[in-house]
Amino acid sequence: MKVREIISSHVLVIGSGGAGVRAAIEASAHGECVLVAKTIAGKGGCTIMAEGGYNAVLNCDDKTDDHFADTMKGGAFLNNLELVRTLVTESPERIRDLLSWGAVFDVTGECSLAQRPFGGQCFPRTCFAGDRTGHEMMITLMDRLAATQVRICHEVTIISLLCEGGRVIGAAGLNRNGELIEFLADAVVLATGGGTRVYDISTNSTSGTGDGYAMGFRAGAELIDMEQVQFHPTGAVYPWDARGRLVTEAVRGEGGVLKNALGERFMTRYDPQRMELSTRDVVARAAATEIREGRGTPHGGVWLDISHRSSEEIETRLPTMLEQFLMFGVDIRKEPMEVAPTAHHIMGGLRIDPECRTSVPGLFACGEVAGGVHGANRLGGNALAETQVFGRRAGDSVGKEPVREKNLNNSAIQPVIKTLMEFSEGHNPAHEVRARLQEAMWNGAGIFRNKDALQQTLSEIDSLDQVRMKATIPEEFAECCIVKNMMTTARLIVRSALTREESRGAHVRTDITQDWDNASSPFGHTHISQKGVSIEHREAA
Numbered sequence: 003m004k005v006r007e008i009i010s011s012h013v014l015v016i017g018s019g020g021a022g023v024r025a026a027i028e029a030s031a032h033g034e035c036v037l038v039a040k041t042i043a044g045k046g047g048c049t050i051m052a053e054g055g056y057n058a059v060l061n062c063d064d065k066t067d068d069h070f071a072d073t074m075k076g077g078a079f080l081n082n083l084e085l086v087r088t089l090v091t092e093s094p095e096r097i098r099d100l101l102s103w104g105a106v107f108d109v110t111g112e113c114s115l116a117q118r119p120f121g122g123q124c125f126p127r128t129c130f131a132g133d134r135t136g137h138e139m140m141i142t143l144m145d146r147l148a149a150t151q152v153r154i155c156h157e158v159t160i161i162s163l164l165c166e167g168g169r170v171i172g173a174a175g176l177n178r179n180g181e182l183i184e185f186l187a188d189a190v191v192l193a194t195g196g197g198t199r200v201y202d203i204s205t206n207s208t209s210g211t212g213d214g215y216a217m218g219f220r221a222g223a224e225l226i227d228m229e230q231v232q233f234h235p236t237g238a239v240y241p242w243d244a245r246g247r248l249v250t251e252a253v254r255g256e257g258g259v260l261k262n263a264l265g266e267r268f269m270t271r272y273d274p275q276r277m278e279l280s281t282r283d284v285v286a287r288a289a290a291t292e293i294r295e296g297r298g299t300p301h302g303g304v305w306l307d308i309s310h311r312s313s314e315e316i317e318t319r320l321p322t323m324l325e326q327f328l329m330f331g332v333d334i335r336k337e338p339m340e341v342a343p344t345a346h347h348i349m350g351g352l353r354i355d356p357e358c359r360t361s362v363p364g365l366f367a368c369g370e371v372a373g374g375v376h377g378a379n380r381l382g383g384n385a386l387a388e389t390q391v392f393g394r395r396a397g398d399s400v401g402k403e404p405v406r407e408k409n410l411n412n413s414a415i416q417p418v419i420k421t422l423m424e425f426s427e428g429h430n431p432a433h434e435v436r437a438r439l440q441e442a443m444w445n446g447a448g449i450f451r452n453k454d455a456l457q458q459t460l461s462e463i464d465s466l467d468q469v470r471m472k473a474t475i476p477e478e479f480a481e482c483c484i485v486k487n488m489m490t491t492a493r494l495i496v497r498s499a500l501t502r503e504e505s506r507g508a509h510v511r512t513d514i515t516q517d518w519d520n521a522s523s524p525f526g527h528t529h530i531s532q533k534g535v536s537i538e539h540r541e542a543a
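In this note's numbering, the protein residues as written are 3 to 543.
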C-alpha cells in the first residue's frame with residue numbers, strides 16, 4: 003500500500019463534532035487549517051444527536067460559583083478544578099457566540115433564553131432548542147465554518163497519529179476508497195469524541211469508537227480516569243433494534259417520573275430530595291438495581307412517564323422524543339416509555355491543561371476525548387458547553403504554535419503501512435471481533451464491577467487482540483483499524499477500573515467496602531500511559 007496524497011497545513015483538526023468544528027473556526031484565524039471528518043462534517047458524531055441542552059449561568063439569580071459547586075459535587079470531586087472554573091466562567095460567552103452566529107434557542111415570554119432544570123443542579127441553567135439542541139448548534143457552527151478558509155476532508159478515517167522526535171507531526175487516514183492519505187501539520191487537535199461503542203448497548207453514534215483515546219495513547223500521551231464511564235439512566239430498550247437510543251434527560255427535566263413494574267416511584271428509595279433530577283450516576287444505579295432485583299418491566303427496563311403533562315407541552319418541548327417513540331408504536335402523550343441504563347459518555351480522557359495541551363508536544367485535545375472536566379460523573383448540559391469552551395481554547399492555542407519545516411519524506415508513515423498490509427493476510431472478519439469485544443465489556447465492565455469480572459474482561463480483550471483480522475476489500479481496512487482502536491480503549495478502561503479500588507461516581511466496585519465518601523476519598527486521578535497505570539494517593543480531607 004502506498005500513500006495516495008500528502009496534505010500539509012499549519013493546523014490539523016481531527017473530528018467534526020461541536021468541539022472540532024469550533025476549534026477549526028478559531029484556528030482558521032491563525033493560518034491554513036484542515037478539518038478531517040470520519041463521516042460528513044457536521045453530520046456524524048454525538049453533538050448533532052445531543053437533545054437536552056447547554057449549561058450556562060445567564061440569570062442574575064444564578065451564580066458561576068453555584069455552577070462550579072454543582073459540577074464538582076456531581077463529579078464526585080474528581081474534576082480538575084481549573085478546567086471546571088474555565089468551563090463555568092466561559093460557557094455564557096460561548097453561547098452568546100452561537101446566538102450571534104444565528105443559533106435559535108427557545109426563549110421565554112420576556113424574550114430571554116429559556117432554561118430548564120437538569121439533574122444535579124441547584125438552578126435551571128440548561129439552555130435548549132426544544133430537544134434538538136445539538137442539531138441547532140451544529141447547523142450554526144457549520145454555517146460559520148463555511149465562512150472560513152478551512153479545508154474539509156469528508157469521509158476520511160484517521161487511523162494513527164504520526165510522530166517524529168517525540169512530537170506529533172500529523173496523522174494517517176484512509177478515505178472511503180481505502181486509499182492512504184498522509185496529513186502533515188505544525189500541530190494537531192484531537193476532537194474525536196467518545197468511545198462507548200466499545201459496549202454492546204450505547205447511545206453513541208457509530209463513530210464513537212474511542213479512536214482518539216487509542217491514538218493518543220500510542221503517541222505517548224497520558225490519559226486520566228478512563229474507568230469513569232457514564233451510563234445514561236434512560237436509553238430505549240424496545241424494540242430490539244432501538245436498544246440504547248438516548249431518551250433525553252429533558253424528559254425528566256420537564257417533569258417525567260420513573261416507576262418500576264409495581265408502579266412505585268422508586269427514586270424515593272435512592273434520592274428522596276432530588277428524585278428523578280438526581281445525578282446520572284445515582285439514577286442509573288437506581289434503575290439498574292430495580293431491574294436486577296426483579297422489579298423491571300417486561301423488556302428489562304423501568305417506566306419513564308411524561309403523560310401527565312399536556313399534549314401541547316410534549317409536542318412543543320419534546321418533539322424528537324414524541325416522534326421517536328411514535329415510530330416504536332408508543333404515544334408518550336398517553337403512555338410511559340420503557341427505558342434502561344445505556345453506555346453514554348467517557349468522563350476520562352487525554353490529560354490537558356486549560357489551553358488544551360496534552361502531555362505530547364504538538365498534540366492538543368478538546369471535547370469528550372479530553373479528561374478532567376467532568377470528574378467521576380458528568381452533569382447533563384455540561385458536555386455541549388464543554389465543546390464550545392474548550393473547542394475555542396484548543397483552536398486558539400494550536401493556531402499560535404510556531405510554523406515548522408515539514409519533512410515530506412518522513413518515515414513515520416511506515417509502521418502504519420506495515421499494519422495495513424498485515425490485515426490483508428488475516429483470517430477473521432472485523433465485525434465478529436467487534437461484537438465479541440462489545441459483549442465482553444458490557445458483561446464485565448458495566449455499571450457494577452468487581453475484580454474477578456474485570457480481570458476476566460481484560461483476558462478476553464487480550465485474546466481478541468491476538469486475532470488476525472481480515473480485510474479483503476478497501477473499506478475493510480478502516481474497519482480493522484477501528485476495531486484495533488476499540489480494543490485499546492477497552493483495555494484502558496478496564497486497567498484503570500482495576501486500579502481504582504473504590505466506588506466513586508460512575509465507577510462502582512461491588513467487591514470493595516469503603517468507609518469514606520467522595521469528598522474525603524484518599525484517591526485522586528488514575529493515570530495511564532505506555533509507562534503503566536497508577537493512581538494518585540492523597541490524605542483524606
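By construction, the Cβ of each residue, glycine as well, lies at the ideal position given by its N, Cα and C atoms.
Original post:
For Ser522, which of helix, strand or coil comes out of DSSP?
Top reply: In the three-state reduction of the DSSP assignment, Ser522 falls in the coil class, being assigned neither a helical nor a strand state.
**OP:** Give a yes or no on contact between the region 256 to 269 and the region 304 to 315, applying the rule of three or more CB pairs nearer than 8 Å.
**Re:** yes
**OP:** May I ask you to report which of helix, strand or coil DSSP gives Asn81?
**Re:** coil
**OP:** State the Cα-Cα distance for the pair Pro229 and His509, rounded to the nearest angstrom.
**Re:** The amino acid occupying residue 229 in the given sequence is Glu; Pro does not appear at that position. As the crow flies, the alpha-carbon of Glu229 is around 7 Å from that of His509.
Original post:
Buried or exposed: where does Leu544 fall if 16 or more other Cβ atoms within 10 Å of its Cβ makes it buried?
Top reply: The first residue shown for the chain is 3 and the last is 543, placing residue 544 beyond what the model contains.
Original post:
Going by alpha carbons, who is nearest to Phe425 out of Ala221, Thr474 and Gly369?
Top reply: Thr474
Original post:
Cβ of Gly33 within 7 Å of any heavy atom in the ligand MG?
Top reply: No copy of the ligand MG appears in this structure; indeed no ligand is present at all.
**OP:** Identify every run of the alpha helix (DSSP H) within the region 191 to 272, keeping only runs that are complete inside it and at least 4 residues long; order them along the chain.
**Re:** 213 to 220 and 252 to 255
**OP:** Count the C-beta pairs between the region 59 to 70 and the region 349 to 363 that are closer than 8 Å, then say yes if the count reaches three, no if not.
**Re:** no
Subject >> Length-filtered (3 minimum) beta strand (DSSP E) runs lying within the region 25 to 92 >> reply: As far as the region 25 to 92 is concerned, its whole beta strand (DSSP E) runs of at least 3 residues are 35 to 38.
**OP:** Using beta-carbon positions only, say whether Val191 and Val391 come within less than 8 Å of one another.
**Re:** No; because the gap between Cβ atoms is not below 8 Å, this pair is not in contact.
Subject >> According to DSSP, residues forming a beta bridge with Phe450 >> reply: According to the DSSP secondary-structure assignment, Phe450 is paired through a beta bridge with Val510.
Original post:
With a cut-off of 8 Å, do at least 3 Cβ pairs link the region 136 to 151 to the region 164 to 172?
Top reply: no
Original post:
So what does Leu324 bridge to, in DSSP terms?
Top reply: Bridge partners of Leu324: none, in fact.
**OP:** Tell me whether Arg118 sits in a helix, a strand or coil according to DSSP, three-state version.
**Re:** It is a strand residue.
**OP:** Could you say which of Pro476, Arg178, Ala480 and Asp464 lies nearest to Val496 if we only look at CA atoms?
**Re:** Looking at the Cα atoms, Asp464 is the closest of the given residues.
**OP:** With DSSP as the reference, label Asn177 as helix, strand or coil.
**Re:** strand
**OP:** Would you mind stating whether Leu101 and Arg24 have Cβ atoms separated by less than 8 Å?
**Re:** no
Original post:
How should Asp133 be labelled, buried or exposed, when 16 other C-beta atoms within 10 angstroms of its C-beta is the threshold for buried?
Top reply: Asp133 comes out buried.
Original post:
Going by the CB atoms, is the gap between Cys48 and Leu196 shorter than 8 Å?
Top reply: Note on identity: in this sequence residue 196 is Gly, with Leu being the wrong assignment. Taking a C-beta distance under 8 Å as the contact criterion, Gly196 and Cys48 qualify as a contact pair.
Original post:
Should Thr250 and Glu53 be called a contact, given that it needs their Cβ atoms to be closer than 8 Å?
Top reply: yes
**OP:** Enumerate in chain order the residues of its own chain whose CB-to-CB distance from Phe330 is below 8 Å, with the five nearest sequence positions on each side excluded.
**Re:** For Phe330, where only same-chain residues beyond five positions count, the Cβ hits under 8 Å are Ala238, Tyr240, Pro241 and Ala244.
Original post:
Does any CB atom of chain B fall closer than 8 Å to the CB of Leu248?
Top reply: The structure shown has no chain B; it contains just one protein chain.
**OP:** Could you name the residues that DSSP lists as bridge partners for Phe185?
**Re:** Ile9 and Ala173
Original post:
Can you give the beta carbon distance from Leu320 to Val253, rounded, assuming they're within the 8 Å contact cut?
Top reply: Contact flag correct, Cβ pair sits at about 6 Å.
Subject >> Close-in-space but distant-in-sequence residues of the same chain around Ser114 (CB under 6 Å, 5 per side omitted) >> reply: none
**OP:** Using DSSP bridges, identify the partner residues of Phe366.
**Re:** Val191 and Arg359
Original post:
Distance, Cα to Cα, Lys486 vs Asp467?
Top reply: 7 Å
**OP:** Just mark Ile293 as buried or exposed, buried being the case when its beta carbon has 16 or more other beta carbons within 10 Å.
**Re:** Per the 10 Å Cβ criterion, buried.
Original post:
Per DSSP, Thr128 is paired with what?
Top reply: Asn57 and Arg118
**OP:** Grab the span of the alpha helix (DSSP H) containing His137 for me, first residue to last.
**Re:** Where His137 is concerned, the enclosing alpha helix (DSSP H) stretches over Thr135 to Ala148.
Original post:
If Leu163 sits next to Met3, beta carbons under 8 Å apart, how far is it from one beta carbon to the other, in whole angstroms?
Top reply: The pair is not a contact, with the Cβ atoms about 18 Å apart (cut-off 8 Å).
**OP:** Spatial neighbours of Phe185 within its chain, please: CB distance less than 6 Å, with the 5 preceding and 5 following residues excluded, ordered by chain position.
**Re:** Ile9, Leu14, Gly172 and Ala173
Subject >> Proximity of Ala480 and Glu462 at Cβ, strictly below 8 Å >> reply: no
Original post:
Who does Asn430 pair with in a DSSP beta bridge?
Top reply: Met471
**OP:** Check whether the region 147 to 163 touches the region 198 to 218, taking contact to mean three or more Cβ pairs, one atom from each stretch, closer than 8 Å.
**Re:** yes
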